[in-house]
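If you read the protein sequences in the order shown, they are chains A, B and C. Take 8 as the starting number for the first sequence in my numbering and just add one per residue. Take 31 as the starting number for the second sequence in my numbering and just add one per residue. Take 2 as the starting number for the third sequence in my numbering and just add one per residue. Heads up: the structure comes next, in structure tokens.
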Amino acid sequence: MNTNSNVYTIVYTTLIVVVAAAILSIAAMALKPKQQANIKAETISQMLTAAGFSSKEDLAKLGNDKVLAMYSQNIKTAFLIDAEGNKTGELETEVSGIELQDNLKLENKNIQNGNPSLPVYVFEKDGQDINVIPCYGAGLWGPIWGYLAFNADCTEILGAYFDHDSETPGLGAKIKDEPSFREQFKGKKLNFDNPDNPFDIVKGGAPADNLSAIDAITGATMTCNGLDAAIDTWAKAYMPFLQKKAAAAAGDDCCEDGCCEGHDHDHDHGHDHAHHHHDHEHNHQEG
Amino acid sequence: MEYISLFVKSIFVDNMIFAYFLGMCSYLAVSKNVKTANGLGVAVIFVLLCTLPLNYLLDKYVLQPGALSWLGPKFADVDLSFLSFILFIAVIAAFVQIVEMVVEKFLPALYSSLGIFLPLIAVNCAILGGSLFMQQREFLNVGEAATYALGSGIGWWLAIVALAAIREKMAYSKVPAPLKGLGITFMVVGLMGMAFMTFMGISL
Amino acid sequence: MNEDLKKTLLNPIFKGNPITVLVLGICSSLAVTVQLKGAFVMALSVIIVTGLSSFVVSLLRNSIPNRVRIIVQLVVVALMVILVDQVLKAYAYAIDKQLSVYIGLIITNCIVMGRIEAFALGNKPIPSLLDGLANGAGYGMILIIVAFFRELLGSGTLFGLRVLPASYVPNNLVILPPMALIILGCIVWVQRSIQKDLQEK
């Protein structure tokens, strides 16, 4: 057979390409479920770490099934909201069919277009609600994203977790690798009075009395600026929802949809509204 | 302004050689004198500029999850991203073949001095790497992808011509025998890389 | 094992090392050597891809039409790389995230194509497989040496386990990419001092 003839060349290349494509498609299809499970477990691990249920390292050792089970046990409800903070749909939380709104890249675009569909994950820990919301933005070399965990009335940050694609190891990558960076978020709050810049990551150190700012990482200014912008963008998008939650807790009325889900009046909320910026006296009435 | 910032950033901050070390093999082999380095650098700019926007369109309208929705709503779930590597490299190989034919016909002197390195542009990590990085970053349109491609190519060209100039001069230095050639070149490139890191904090 | 096979296996480790002697595969060797774990996975991936690609191309060597030689080789290599990447995404997700772009770049890793052109096209499948595996191993060895120094001096750990005392201030310069090149330069220096016939005039 003349291996250099035109017919042979064309037939050969076609055959090789078809065989290669077939092998790849089979492999991709066969491995897809496992890959999807990995991605789902990864997202859930990040949320659980932000909410304070465990640490990323410990979760990594547990394996996908246990991570999914932990999510199902501790999640109270999960839903989607729109730009005005109204609930638009529910997400399945049973272990068999956990639904996550984890295409953050797409939602980032939607936020910019003005019609986002944003997820809120409400966990329950020791009888208290923990609201977890995502954020996403551009770091120095690639995308960065993460989760912020708020207390029941969304006035105080309880924890955070961040991840990245390609930030510099030892510098920008510290937003993920350095627990002390994330620890700074505990007890901080979003500054609702400044909707365009509700949170700051300050190079050189944030003033100690500023409850809406933390210190940036030395040598990772660009990554921290990116994270600052990501948090600001997403916090602004969630602000109607967060403010409604805060208002509902301060006032006595159970307001519109999306507000009261998971807000159980039988719990003793006591005086953990100390961080409220509402300046009127309020009596929190049970029942 | 966005375009200029992206352009300058991709030449200096995201420099293909000094920040990501892509395209090293041909970079080290062809940087012995400025003339051939220049020729290869220009060829790399051309191939990047042509293949990256094309791969961007391919990614946007064929490969990304949900990209095929323009064909019809039932294609909205199709995710062909696992074919990225193979399609990108196919586009690149085809282009390099074209470039080779053009150079052979119109610039025969350059063709013979570049020798094997012209077809090797097809496997130059910088070209495929450029397309893969483009996939990770979210460019808003073809214009941005093309700007990034042009900037990356110019960055690579700048790096190879600079190194060739240094190596031409180093031929007259007293380098210890075991370091001569490859060893000292590695170190020089490392030092140049450190120098380029000073561009990191720049934003326009 | 006969002499030829032995030579095929041992040559790429020192005398014919793909990185320090043949100057192939530099790109990824610099980027993934920040930590030993990443370097190890990358090395393993390259060994598998180079070995299998050389093997398959050698099997096909008499039937490949000359005009599309490079394209056919690229298809085979790309196929192997994508398979490795898909398997990593399924079974070692965390590491795959770290190595991201660089796994794809194995396709353009000069070592793979270089060995196919230089060896697999003209030799039988089994020696080609061995040649591919050995070159991958030679590459892997250099990767691990560079990663050893970068992780040890840059973070005080090896494979994630703390080795140097906590009072050691990590040398951040070593974590940055240019240092990898300088370390490579030193490795070449050492190798050529030992093997004087490799020195350039």
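Note that beta-carbon positions come from the ideal geometry of N, C-alpha and C, so glycine has one too. Predicted, not measured: the structure shown is a model, and the values here were computed from it.
- Message: Using the three-state DSSP reduction, which class does Gly-121(A) fall into: helix, strand or coil?
- Response: coil
- Asp-198(C) - DSSP class collapsed to helix/strand/coil: Collapsing the DSSP output to three states places Asp-198(C) in a helix.
- Going straight from the alpha carbon of Ile-112(C) to that of Leu-165(C), what length do you get? 35 Å
- Cβ neighbour criterion (16 or more within 10 Å) applied to Ser-56(B): buried
- Query: Within 8 Å (strictly less), CB to CB, does Cys-80(B) reach chain C?
  - Reply: no
- Task: Spell out a yes or no on whether the region 124-135 of chain C and the region 45-59 of chain C are touching, meaning 3 or more CB-CB pairs, one atom from each, closer than 8 Å.
- Result: Taking 8 Å as the limit for Cβ pairs, the verdict is that the region 45-59 of chain C does touch the region 124-135 of chain C.
- Query: Does Met-81(C) get closer than 8 Å to chain B when you measure Cβ to Cβ?
  - Reply: no
- Message: Please state the DSSP three-state secondary structure of Val-14(A).
- Response: helix
- So, is the C-beta of Ala-257(A) closer than 8 Å to a C-beta in chain C? no
- Message: Strictly below 7 Å CB to CB, what residues from chain C border Thr-230(A)?
- Response: Ordered by position in chain C, no residue passes the 7 Å Cβ test against Thr-230(A), which lies about 15 Å from the chain.
- Give the residues from the region 99-121 of chain A that approach chain C closer than 8 Å (Cβ to any Cβ), ordered along the chain. none
- Query: From the DSSP output, which residues share a beta bridge with Phe-169(A)?
  - Reply: BP columns for Phe-169(A) point to Gly-153(A).
- What separation, rounded to the nearest whole angstrom, lies between the Cα atoms of Asp-109(A) and Val-14(A)? Near 49 Å, if we compare the C-alpha coordinates of Val-14(A) and Asp-109(A).
- Does any C-beta atom of chain C lie closer than 8 Å to the C-beta of Lys-25(A)? Going by the sequence as given, residue 25(A) is Val instead of Lys. So no, Val-25(A) is outside the interface.
- Could you tell me which residues DSSP pairs with Thr-81(B) in its beta bridges? Paired residue(s): none; Thr-81(B) is not in a bridge.
- Message: So Gly-194(A) contacts chain B; which residues on that side make the cut at Cβ distance below 7 Å?
- Response: Per Cβ cutoff of 7 Å: no residues; Gly-194(A) is ~31 Å from chain B at best.
- Which of the residues in the region 31-60 of chain A, read from start to end, lie with their CB under 7 Å from any CB of chain C? Leu-31, Ala-34, Ala-35, Leu-38, Lys-41, Gln-42, Asn-45 and Glu-49
- Item | Expected contact under 8 Å - CB spacing of Ile-164(A) and Lys-195(A) to nearest Å | 5 Å
- Report the partner residues of Ala-316(A) according to the DSSP bridge assignment. An answer regarding residue 316(A) cannot be provided, because it is not within the stretch 8 to 294 covered by chain A.
- Query: Can you tell me the Cα-Cα spacing of Ile-195(C) and Asp-235(A), whole angstroms?
  - Reply: 53 Å
- Task: Return the first residue and the last residue of the alpha helix (DSSP H) that Lys-94(A) is part of.
- Result: Note, Lys-94(A): premise wrong, no alpha helix (DSSP H); beta strand (DSSP E) at 94-97.
- Counterpart residues of Asn-138(A) in DSSP-defined beta bridges: Val-129(A) and Phe-157(A)
- Near Met-43(C), which residues of its chain fall below 7 Å by C-beta distance, leaving aside the five closest residues on each side in sequence? Cβ neighbours of Met-43(C) beyond the five flanking positions: Ser-29, Val-33, Leu-100, Tyr-103 and Leu-144.
- Message: With the cut-off set at 8 Å, would you say Lys-125(C) and Ser-59(C) are in Cβ contact?
- Response: Pairing Lys-125(C) with Ser-59(C) gives a Cβ-Cβ distance under 8 Å.
- Item | According to DSSP, residues forming a beta bridge with Ala-220(A) | Note: Ala-220(A) sits in a beta bridge opposite Asp-207(A).
- Task: Keeping to the same chain, check which residues put their C-beta closer than 6 Å to that of Gly-96(A); ignore five residues upstream and five downstream.
- Result: Closer than 6 Å at the Cβ level, and outside the excluded window around Gly-96(A), lie Leu-87.
- Query: By the criterion of Cβ-Cβ separation under 8 Å, what are the contact partners of Ala-67(A) in chain C?
  - Reply: For a Cβ distance threshold of 8 Å, residue set Ala-95 of chain C lies close to Ala-67(A), ordered along the chain.
- From the DSSP output, which residues share a beta bridge with Asp-56(A)? Checking the sequence, you will find Thr at residue 56(A) rather than Asp. Beta-bridge pairing links Thr-56(A) to no other residue.
- Task: Taking Phe-86(A) as part of the alpha helix (DSSP H), name the residues at either end of that continuous run.
- Result: Premise fails: Phe-86(A) lies in the beta strand (DSSP E), 82-88, not in any alpha helix (DSSP H).
- Query: Counting only beta-carbon atoms, is Ser-124(A) nearer than 8 Å to chain B?
  - Reply: no
- Is the Cβ of Ala-91(C) closer than 8 Å to any Cβ of chain A? Interface with chain A (8 Å Cβ-Cβ cutoff): Ala-91(C) is included.
- Item | Proximal residues to Leu-31(C) (C-beta, below 7 Å), its chain only, five neighbours per side dropped | Pro-178, Ala-181 and Leu-182
- Task: Using a Cβ cut-off of 7 Å, pull out every chain C residue sitting near Asp-72(A), in sequence order please.
- Result: Simply none; closest approach about 15 Å.
- Message: Quick check: what's the CA-CA separation for Glu-268(A) versus Gly-258(A)?
- Response: In this prediction, Glu-268(A) scores a pLDDT of 47, lower than 50, which makes its location untrustworthy; the coordinate-derived value is nonetheless stated afterwards. Roughly 16 Å between the two C-alpha positions.
- Taking all protein chains shown into account, do 16 or more other C-beta atoms lie within 10 angstroms of the C-beta of Leu-55(A), making it buried, or fewer, making it exposed? Burial state of Leu-55(A) is buried, judged by a 10 Å Cβ sphere holding 16 or more other Cβ atoms.
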